[in-house]
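Structure, as structure tokens:
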Amino acid sequence: MATTGSLKQLSNTGTFARTRSTTDSLKPGTGSLNSAGMTTPSILRFEGMAELLEPPASLDELDIKQNMVIDIMLRLTYNEGEVSVSRAEEIMKLPYRVVDELLQWLQQEHMVEVAKAVGSLGRRGYVYTLTDLGRQRAKEALDRTLYVGPTPVPLEKYTQSVLNQATIRRLTRGEVQDALRHLIL
């Protein structure tokens with residue numbers, strides 16, 4: 000499928016272009032050992048965590064393959080028949096402005112259309128349904144996987160966030176010997 004449209008022009012690599020680096024400012028930090036042998040985190044361990052965990056402000060900041068997020072939205076809409084912006088936010092765990100941008104792009108590509116507007120919330124109150132083209136694309140997406148849920152994060156971001164939060168415990172020689180005592184080595 001050729002993904003065209005005016006969605007801040009999708010990149011040639013199949014990902015929404017990343018506008019900022021999230022790992023450049025991360026520094027592991029060492030911390031110090033407390034009496035239990037656990038490392039207490041230094042402030043350096045968490046440098047960059049706020050930026051790393053910051054929700055994306057646009058599709059460009061998702062840093063995942065564009066078809067992945069498109070397919071999740073299409074599968075969600077296909078499974079539910081109609082999907083509101085708030086329902087898509089809830090399921091995909093993305094902020095309103097990102098979901099709205101995605102739905103606008105899908106609408107420009109004639110894959111979704113506004114079925115109705117609920118309340119006087121403007122675009123936030125729109126309920127979308129698939130067009131024939133959208134249903135076709137959703138079926139293709141369902142052939143690949145049935146996954147509908149939170150938008151995945153890049154593995155490197157997930158790994159870095161786990162490492163930044165990890166408490167490093169140093170074992171003493173005696174603790175290792177005690178743990179291995181029952182083994183014949």
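Counting in numbering that gives the first Met the number 0, the sequence shown runs from 0 upward without gaps.
The beta carbon of each residue, even a glycine, is placed where N, CA and C say it ideally should be.
Check, Outcome
"Reduced DSSP secondary structure (H/G/I, E/B, other) of Ser160", "helix"
"Cα-Cα separation between Ala116 and Tyr125, rounded to whole angstroms", "4 angstroms"
"Cβ-Cβ separation, Arg86 to Met110 (assumed contact under 8 angstroms), whole Å", "Wrong, their Cβ atoms sit about 17 angstroms apart, outside the cutoff."
"Exposed unless 16 or more other CB atoms sit within 10 angstroms - verdict on Val140", "The sequence given here places Ala at residue 140; Val does not occur at that position. By the neighbour-count rule (16 or more Cβ atoms within 10 Å), Ala140 is buried."
"Where Ser119 falls: helix, strand or coil (DSSP)", "coil"
"At least three beta-carbon pairs within less than 8 angstroms, the region 157 to 173 to the region 97 to 109", "no"
"Inter-residue Cα distance where the pair is Ser119 and Glu88", "19 angstroms"
"With 16 other Cβ atoms within 10 Å as the buried cut-off, status of Gln65", "buried"
"Three-state secondary structure assigned by DSSP to Asp111", "As written in the sequence, residue 111 is Val, which differs from the Asp given in the question. In this structure, Val111 counts as strand in the three-state DSSP scheme."
"Start-end ranges of the alpha helix (DSSP H) lying completely within the region 63 to 111, minimum 4 residues", "65 to 79, 84 to 91, 95 to 107"
"Inter-residue Cα distance where the pair is Asp177 and Arg168", "16 angstroms"
"Residues bridged to Thr185 (per DSSP)", "With the chain covering only 0 through 184, there is no way to say anything about residue 185."
"Check whether Val84 and Arg122 have beta carbons under 8 angstroms apart", "yes"
"Which listed residue (Pro149, His181, Glu174, Leu182) has its alpha carbon closest to that of Pro54", "Pro149"
"Neighbour-count burial assignment, Leu61, 16 or more Cβ in a 10 Å radius", "buried"
"For Arg169, the three-state DSSP class (helix, strand or coil)", "coil"
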